[in-house]
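Accompanying notes for the structure given below.
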Amino acid sequence: MITPNTLNELVETVWPAAELAGLNCGHVHFELVDGEDIQALASYQGLPIRYAHWSFGKTFGRLKTAYDYRLSRIYELVINSRPAFAFIDRRSSPAQAMLIVAHVLAHVDFFSHSRLFADTDRNILQTTARHARKLAEFRAEFGAEAVESLIDAALVLADFPGETDSGWGEPGTDPGDLLGFVARYSPGLLPWEREVLLMLRAESRYFWPQQVSKIGNEGYATFWHTRLMRQLACGADKFWEIAAVNASLLEVRPPQLNPYALGSQLYQAIYRQQGLSGVFAARNFLDDAGLVRTALDQDVADLCQLGVYREKDVQESPASADLAQVRAQLIQDVDHGGLPYMQVMAQDTLATGILAMQHQYDGRELDFYQLPFALALVAQRLWGGPVHIHTTRKGAPRVAGHDGQQWTDEAS
Amino acid sequence: MNNSSYSIGWGESFQFHSVYADQWRHDQKVREAVKANLADLVSEEHIAVSDGRRIINVPLPLLKEFRISFDRQQAQSVGQAVVGGEGEGTAGASAPAAGVLGGAEPGLDVEDAAITLEEAADIVFERLGLPDLDPQKHSAGNGYEDRPESWAPHGLKSRWVRRPTVRESLKRQALAPGRQGPALAAGDFRYWRYDLKPQEEGGAVVLAMMDTSGSMGTFEKYLAKSFFFWTVEFLRRNYPRVEIVFLAHDVRAREVDEESFFRRGSSGGTVSSSVYRLALDILGERYPQDRFNRYAFHFTDGGNLTSDNALAVEIGTVLAHETNLFGYGEIHDTDRNPSPLYQAFRESEGTGVTLLRRKEDIFRALEYYFTAKGNGHDHSQHA
Chain E
301 MITPNTLNEL VETVWPAAEL AGLNCGHVHF ELVDGEDIQA LASYQGLPIR
351 YAHWSFGKTF GRLKTAYDYR LSRIYELVIN SRPAFAFIDR RSSPAQAMLI
401 VAHVLAHVDF FSHSRLFADT DRNILQTTAR HARKLAEFRA EFGAEAVESL
451 IDAALVLADF PGETDSGWGE PGTDPGDLLG FVARYSPGLL PWEREVLLML
501 RAESRYFWPQ QVSKIGNEGY ATFWHTRLMR QLACGADKFW EIAAVNASLL
551 EVRPPQLNPY ALGSQLYQAI YRQQGLSGVF AARNFLDDAG LVRTALDQDV
601 ADLCQLGVYR EKDVQESPAS ADLAQVRAQL IQDVDHGGLP YMQVMAQDTL
651 ATGILAMQHQ YDGRELDFYQ LPFALALVAQ RLWGGPVHIH TTRKGAPRVA
701 GHDGQQWTDE AS
Chain X
223 MNNSSYSIGW GESFQFHSVY ADQWRHDQKV REAVKANLAD LVSEEHIAVS
273 DGRRIINVPL PLLKEFRISF DRQQAQSVGQ AVVGGEGEGT AGASAPAAGV
323 LGGAEPGLDV EDAAITLEEA ADIVFERLGL PDLDPQKHSA GNGYEDRPES
373 WAPHGLKSRW VRRPTVRESL KRQALAPGRQ GPALAAGDFR YWRYDLKPQE
423 EGGAVVLAMM DTSGSMGTFE KYLAKSFFFW TVEFLRRNYP RVEIVFLAHD
473 VRAREVDEES FFRRGSSGGT VSSSVYRLAL DILGERYPQD RFNRYAFHFT
523 DGGNLTSDNA LAVEIGTVLA HETNLFGYGE IHDTDRNPSP LYQAFRESEG
573 TGVTLLRRKE DIFRALEYYF TAKGNGHDHS QHA
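One line per chain: the protein sequences are E and X, in this order. Counting the first sequence from 1 gives a position; the numbering used here is that position plus 300. Counting the second sequence from 1 gives a position; the numbering used here is that position plus 222.
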């Protein structure tokens, strides 16, 4: 249990050390919240005020169950806004909180220096609060059902808000911006519905850089809290607690990848080769794919026991542990946030009235089990007409589609 | 850089009540999904068969969030092993996603959600109730009710009870004679306290009669047992003090306990009149009409001994008169015609007849028999 006073002391201890080491955080606002509130925050993806949707409740239920059974615990959440917000579980012990503060400061430093986050919304808290208010108004005006079904369908395309490091493009101009394109060109949507899609697109674009820098972000923070704690930790009991938290963060549940463990090893490797300047350069320029490309070597792969696993395999042993293969596979895994590259075929779509999307096939097939349901939502609620995806399956080009009633899947 | 600063908050403005609304909406969608699958739920075999298991899986087609994503089943990805050698695999990490169907046809989504039998029962029984229940029959009653039973020193003003208050006042003044006090002190006041007490009216008895003759095949037995399983579960839940009498019959009828009722094998011929006669005897001896709401259900395959038909109809009609509802269910796995017994009961007053052909009909039968309000729902006219 920590109070603002304790936290104040801890920040006074950690902050100068962090600053001396070269971290630069601007203003950070710490909030001490209860365990349950931090679950709620996490189910809102960290943002305190979000629009109402059952999917948040679903996540909350899952997180809360995990927390109640002590399967997982969320110590902190950092929001990339100015000032940066950090939520800390007030039931942490002072020693735990010390590590958390160091971790938080490194996150904030990452947010304020990485090129990926240069264009994110500084006032995201106000933005999402405004969206929540707007959507509540729409619910009152047009009915909860209309708004909920619209959000259900829009979330299918919300994974594809377009490249964000090209700046705040007009919706629908970037071919990767499926949600913006639909918001702009869908024939049947009402003005308020387009507005909702653009709101979801804005939130999606805010989250996109975090999605492509999970390993980098957590690795960087872990790298720094380890360093800072080595400098600061005093006394055996405190050190023990800090080590326990650190160990729980780095715990590997095979065959899942732990971004804290892998990321910190990658940053350690960079530090060994290029010193702190290399670490800061990596922070400034690299997303996950870049980080893996730069820093993954045989040492890291051995340390983290990396291997290529097949989803179908039941046994725990990796199908391959060859460095080149692991490297190529890992880059593919983290590239583009682990999502397929989808592009809207704007000319075809505007000419035929069929929403046509091109999947850039890279050897991985789309999930044809989810696809009919996902496309049906888009066809029925968003486009109001047929929707096609051009993709490749079993080596042959295919067109999968849905016209609102019927699922089609043909060779092309 | 000197622009660094920080601030600390108590978190009092970050309490998230809205997430409970989202969670409620999610739970509501789960309930909707379960409701949409009620017929499947009720005919779920392992519920009725294995009673040790209290968790069932309900297919929930609504709640998966569908996305355009890579096919995880075929994919390979980079993972980690435990640092320091051969790791004990953690269960669950690599568990395959449930119920993915292959093929070109889009499969039905079956994201199974485990719900407890209690939750399922809540949803199944939401709309059900004992039909035509007369609340004025004086017997053990069918549940509990809040009744003013005792006095509490605190309470709502509207529950103030005068006589004990005055008594308390007198007691206080008698204990301290000579001391001048107010006529009514704050401590004197007494209020009704409501306690949960067993009801004393509206008792009911349900006679569960099952044909266990040799002609009852696996399917027929399964349907009959399922129906009675849910009936018993429903009564125990919503009418905890309703008495249930289990009768099994082939040529002769016997009263059996619950355990053996659900585990009976089958042999012998079918003489339905025997069980009706036993039912009438039991009702007459133990459950007089002026004190009990009486219900009787009989499930059979309809293969009654031809020579017994006339007698069975006669006694059955008497039974129908004696009870609030006499439900007669006939189970066929083929399309053969209903038996003469079925025809006769369909004509007669006060008898509800159902024909069960498929598993889904169990729920239909439940809904049909246990529609709490009479509201023009005439049991005798259902085909």
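Note that CB positions come from ideal geometry on N, CA and C, so glycine has one too.
Within the model, the alpha-carbon separation for D555 of chain X versus K581 of chain X is close to 10 Å. Counting only Cβ-Cβ distances below 7 Å, Q670 of chain E has contacts in chain X at F288, R289, S291, in chain order.
One thing to note: V626 of chain E has its Cβ no nearer than 9 Å to the Cβ of L603 of chain E.
Within the region 475 to 528 of chain E, the complete alpha helix (DSSP H) runs of at least 4 residues fall at 478 to 485, 491 to 511. G506 of chain X and D512 of chain X have their C-alpha atoms spaced approximately 11 Å apart. Put simply, the region 243 to 251 of chain X touches the region 357 to 366 of chain E. At least three CB pairs are less than 8 Å apart. For L450 of chain E, there is no enclosing beta strand (DSSP E); the enclosing alpha helix (DSSP H) has its first and last residue at 444 to 457.
Within the same chain, and ignoring the five residues on either side of P560 of chain X in sequence, the residues whose Cβ sits closer than 7 Å to its Cβ are G524, E552, L577.
When rounded, the separation of the alpha-carbon atoms in T708 of chain E and V687 of chain E is 10 Å.
For Y498 of chain X, the enclosing alpha helix (DSSP H) begins and ends at 494 to 508. Rounded to the nearest angstrom, the Cβ distance from G637 of chain E to V241 of chain X is 25 Å, too far for a contact under 8 Å. Contact with chain E is found for I230 of chain X, since one of that chain's Cβ atoms lies less than 9 Å from the residue's Cβ. When DSSP states are grouped into helix, strand and coil, I290 of chain X belongs to the coil group. If only uninterrupted beta strand (DSSP E) runs of at least 3 residues are considered, those enclosed by the region 391 to 434 of chain X are 413 to 420, 426 to 433. Of the residues assessed, A651 of chain E falls on the exposed side of the cut-off, its CB having fewer than 16 other CB atoms within 10 angstroms.
Under the three-state reduction of DSSP, M645 of chain E is assigned to coil, being neither helix nor strand. The Cβ of Q556 of chain E sits closer than 9 Å to at least one Cβ of chain X. By the criterion of a C-beta distance shorter than 6 Å, S496 of chain X is surrounded in its chain by H471, R474, A475, once the five residues flanking it on both sides are discounted. In the same chain as E477 of chain X, and ignoring 5 residues on each side of it, the C-beta atoms closer than 6 Å to its own belong to L469, in chain order. In the three-state scheme derived from DSSP, where H, G and I count as helix and E and B as strand, I631 of chain E is classed as helix. Assigned with DSSP and collapsed to three states, T453 of chain X falls in helix.
D334 of chain E carries a coil assignment under DSSP once its states are collapsed to helix, strand and coil. Secondary structure note for I689 of chain E: it is in no alpha helix (DSSP H), and the uninterrupted beta strand (DSSP E) holding it is 687 to 693. Under the 8 Å Cβ criterion, the region 397 to 408 of chain X does not count as touching the region 485 to 500 of chain X, having fewer than three qualifying pairs. Cβ-Cβ separation between R501 of chain E and P471 of chain E: approximately 6 Å, consistent with a contact (criterion under 8 Å). The Cβ-Cβ distance between D587 of chain E and E287 of chain X does not fall below 9 Å. Across the structure, Q339 of chain E and R558 of chain X are spaced so that their CA atoms are roughly 59 Å apart. Bounds of the beta strand (DSSP E) holding E371 of chain X are 366 to 374. Taking CB atoms only, Y242 of chain X has a neighbour in chain E less than 9 Å away. Taking 9 Å as the cut-off, the beta carbon of V454 of chain X is found no closer than this to the beta carbon of N515 of chain X. Taking 9 Å as the CB threshold, R247 of chain X lines the interface with chain E. DSSP, reduced to helix, strand and coil, places R381 of chain X within a helical segment of the structure shown. As the crow flies, the alpha-carbon of Y351 of chain E is around 12 Å from that of A444 of chain E. In this structure, M432 of chain X keeps its C-beta atom at 9 Å or more from the C-beta atom of T573 of chain X. The beta carbon of G436 of chain X sits closer than 8 Å to those of D472, S488, S489, G490, G491, all from its chain and outside the five residues before and after it, given in chain order.
For Y228 of chain X, the beta-bridge partners assigned by DSSP are E:V328.
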